[in-house]
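Shown next, in structure tokens, is the structure this report addresses.
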Amino acid sequence: MELPKLNFQETFDFKFKKDKDKFFIYDLVRKTYLLLTPEEWVRQHWVHYYLTVKAYSPSALITEKKILLNGLTKRIDLLVTEKTEPIILIECKAPQIKLTEKTFEQTARYNSIIGAKEIILTNGLQHINAYYENGQYQFYKPE
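First residue of the sequence shown? That's 455 in my numbering, and the numbers climb one at a time after it.
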């Protein structure tokens, strides 16, 4: 399977397996192999980033949590917590998906339920970072 090189300085040590004609990637948070989709490839980079570079515990990361938004069940991609408080909401898109105002608004709507201080919208190649302060999002470039 041909996977794009994503925009991370670090190289991560992923575990893969193949079953019939499908590829799977090991998720360190859920401790299981997941179907390797383009979106999952992006999510697993962020999982490895927070576990290895930022040294978070696997219990501080929540993946694919269900939320209720306007009566509809949605799933957030990744939530970083500290002492169970939501800190960073990460919405992952496949690398070929363009990040637009519409995709950012989707992430902001999810965060209206979650209440994280920061959100990251990413397709693995491009990352949009924003802090939520005084009722609005302030965009920033991380160092």
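No residue lacks a Cβ here, since even glycine has one placed at the ideal position from N, Cα and C.
For clarity, every value in this text was computed on a predicted model and none was experimentally measured.
Inter-residue distance for Leu490 and Pro549 is about 13 Å (C-alpha atoms, whole angstroms). In the three-state reduction of the DSSP assignment, Glu555 falls in the helix class, which pools H, G and I. Taking C-alpha positions only, His581 is separated from His499 by approximately 12 Å. A distance below 8 Å between beta-carbons, with the five flanking residues on each side excluded, links Glu536 to the following residues of its chain, in chain order: Ala514. According to the DSSP secondary-structure assignment, Glu539 is paired through a beta bridge with Glu536. Leu515 is bridged by DSSP to Val534.
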